[in-house]
Structure formats: C-alpha cells, structure tokens
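Residue numbers (this note's numbering): 244 to 642.
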Ligand SMILES: *Cc1c(COP(=O)(O)O)cnc(C)c1O
C-alpha cells in the first residue's frame, strides 16, 4: 500500500463510522469496466457497485444527460409537476409490463414503499383486519438496511442491536413452493422475494420456482412482489430475472442500475389497482422523481435497451462461467450464476482471495464469507473477460 493510499484510508478510519470493511484500494477514476486507483493502477471492476453499474462507469450518454439537466433544473419537489418524471414512469411501466410506478431514491426506500403498498392493499382490498397484515419473506433475504427491513433479515449481524423488530413478517425457506403455501393465511397480503439471492451468495432457486410461486400467489390472493434491485435491468441475462420463467409479479422493485451508477434512483412498478391506493398524502419523497434523477434514469434505461445489455450479459456470462469452470483448484466448491451474476463458492474464507485478486488488478468482493461474486459491468467484451480471467487464474493459482 502506498503512502497516498494510506492517507485516504486513515481519513476514512479516523472520521467515518466503521460500518464497512473495504479492500485497501482507493479509487479515483472509472471508465467502462475499468477503475483506477490514486496511484494510477488499473483494475477490472468485477463488483459494479453491487450491480448499480450495469452500463459501466461514466457511460458517456448517461453523463451527457446528467450534465444537460444539471444546467436546466434539478429539483422541484412533488409539490409541482416536472417534464421528465412522466417519461421515465412510462418507460419503467413499458419495460416491466406494469401499469403504474412510483419513484424513490435508495433501494431500501423502494422496498419500504412496496411493503406499504402491499399492506394498504391488504387492508383496503383484501379486507384484512386492522394491523393484522402479514408479509412472507425468505430466509437469507437481503432487502436493505432500514429498521423494518433488517427486522426480517435472518442475518444476526444485520438485525442484532436494532430491535424491537417490526411485526408482521413471516420467514420461510427460499426456493420451496411448499414452504410458501403452508405459510399463507387469510391475513397474508404479500410475498416479498428475490428471484435470485445475490447477497446470500448468488443462490439460484430450483427451475420452476418462479412459476410455482406465481401460481400460489394467484391461487391464494396474495401479492407477488419481486425485489429486482440487484437482478433486474439485464444483470442475469434477461431484462428481469423473473423473465427467465416468463413470470409477471404484481409488484416489482427496481434500483441500482436504474441510474447507471450516477445517482440513487429506485422505483416500484405495479398494477394500477395497487398503485392507486397511494392517494395524496399517503406516501412521498422530497427527491423522488426529481428532474435530474428522471433524466438520468431515462438515459440509463435507454442504454440498457439500445446496447442490448441483457442479451450481452447472457452470452458473456456463459462464456465467463465456462472459463471459471476450467479452474481445477481443490479449494473451489462450485461455480454458479445466471448471466453476469456469478458466484464462486470456496471451501474456505474468500476474503484473502479477494485481496490477492485486487493485487492482480481484479476488484471483487466476498459475499457470505466463502463466496466470491463476479459481476462486471454488462458492457464487458469477450476479450476483456478473457483478459480478466487470466488475471483471476494467476491470482487464485499462485496465492
Ligand atoms: C442493494 C439491494 C437493496 C438495497 O438497496 P440500497 O440502495 O442499498 O438501499 C435491496 N434489495 C436488494 C436485492 C439489493 O441488492
């Protein structure tokens, strides 16, 4: 580590809450699939800010949209209309095949919004008795960091010390339709799930699971709510992960790549009979749907569609996985993934390997202790994957 690195790291450590354990790399520039540190070393970004950078760092078209809008109008609040929110809502609805959408900022905020929408629907439409609505969630879920959301996490590090937990959440096993059906009661308003569990270690449910839970939710009059914040917008090789089984949820939560990494933008898209329950004053956000965010969101979605990023992710993801599968190292348990969301599960802690990868020019982060996640921007080319793979192979082989 250079003295320059150390200077910035010491500042973070001295003045910042120690709520992250970052790799000792200080970045100052990004372009496409690459980032550079303060010493001028180049790295492949194999995390993409947890899939917020599907379009790559500083995509010129998204940056241009942001710059143009910065010179015009940035914030109106929702006390007035602006000329950009409507077009973004329309595009989100077209892509998700939903009727209406609402814009928020962080992913956790959109999850909170979906929870409120499901509860409102539960009371007003399903006629669940007051304060009795239940939402079913999955073991090892990750939906964000607010007090309510961590209250239904199964990771003690996420919830311990933050009680009391918000009531009304029931945990079931992930990937099992049986487990879902037996948890449904007449008070169940919704089922909140990730179509592929990213933070839990890139866990893929059995084929047919999405279709099965769709059928169960319809059968029992329960809203199906997919958190596609990480899996959506091309990451898994389809525009949305639910598209792999041609399933349309009742609510979809988006975030991360909705801005291409320029700005926090999130959304919930749903049927109009659900969304219309948010009458004036029922919900809101000062920055949600602001003109700057909307222009960035529109440009970010345009890049995903125009550059055919889902199709690219499907092809390059398969290629990347096939290369990783050729690694014959006894400490590798499994290589799995969908599109460009890939997990390499090890038989030992992944952190030292991530440190070795960083020294070789590959930035990746361990998730759930023993899994290395590889999730580069979807703009990565075959040749770049080949180059990155050579660096990964030498880092893992000679450690
Ligand atoms: C990142 C993430 C969130 C939370 O988003 P924030 O913007 O960090 O609040 C929620 N759900 C999933 C699946 C995520 O990956």
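Beta carbons: idealized from backbone N, C-alpha and C, even for Gly.
| query | result |
| --- | --- |
| Nearest neighbour of residue 422, chosen from 553, 380 and 450 [CA to CA] | 380 |
| C-beta contact flag for residue 503 and residue 298 at 8 Å | yes |
| Segment limits, alpha helix (DSSP H) that includes residue 249 | 246 to 258 |
| Euclidean distance between Cα positions of residue 271 and residue 310 | 20 Å |
| For residue 328, the three-state DSSP class (helix, strand or coil) | helix |
| First and last residue of the uninterrupted alpha helix (DSSP H) at residue 367 | 350 to 367 |
| Identity of the residue in 528, 574 and 542 nearest residue 308 by Cα | 542 |
| contact_flag[the segment 525 to 543, the segment 365 to 376] where n(CB pairs < 8 Å) is 3 or more | no |
| Residues bridged to residue 286 (per DSSP) | 278 |
| Beta strand (DSSP E) segment containing residue 576, residue limits | 575 to 581 |
| Inter-stretch contact (C-beta, 8 Å, three-pair minimum) for the segment 437 to 448 and the segment 505 to 520 | no |
| Start and end residues, alpha helix (DSSP H) containing residue 420 | 420 to 426 |
| Alpha helix (DSSP H) segments (min. 4 residues) lying fully within the segment 469 to 531 | 515 to 518 |
| Continuous beta strand (DSSP E) stretch holding residue 344: start and end | 343 to 347 |
| Residues that DSSP places opposite residue 412 in a beta bridge | 378 |
| Bounding residues of the beta strand (DSSP E) (the contiguous stretch that carries residue 609) | 608 to 610 |
| Run of the alpha helix (DSSP H) containing residue 456, from where it starts to where it stops | 452 to 462 |
| Below-8 Å beta-carbon distance, residue 434 vs any chain C residue | This model lacks chain C altogether; it includes just one protein chain. |
| Segment contact, 8 Å Cβ cut-off, at least three pairs: the segment 472 to 490 with the segment 579 to 593 | yes |
| Which listed residue (408, 436 and 373) has its alpha carbon closest to that of residue 390 | 408 |
| Closer than 7 Å: residue 354 CB and nearest ligand 1 heavy atom | yes |
| Short Cβ contact (8 Å threshold) for residue 357 with residue 496 | yes |
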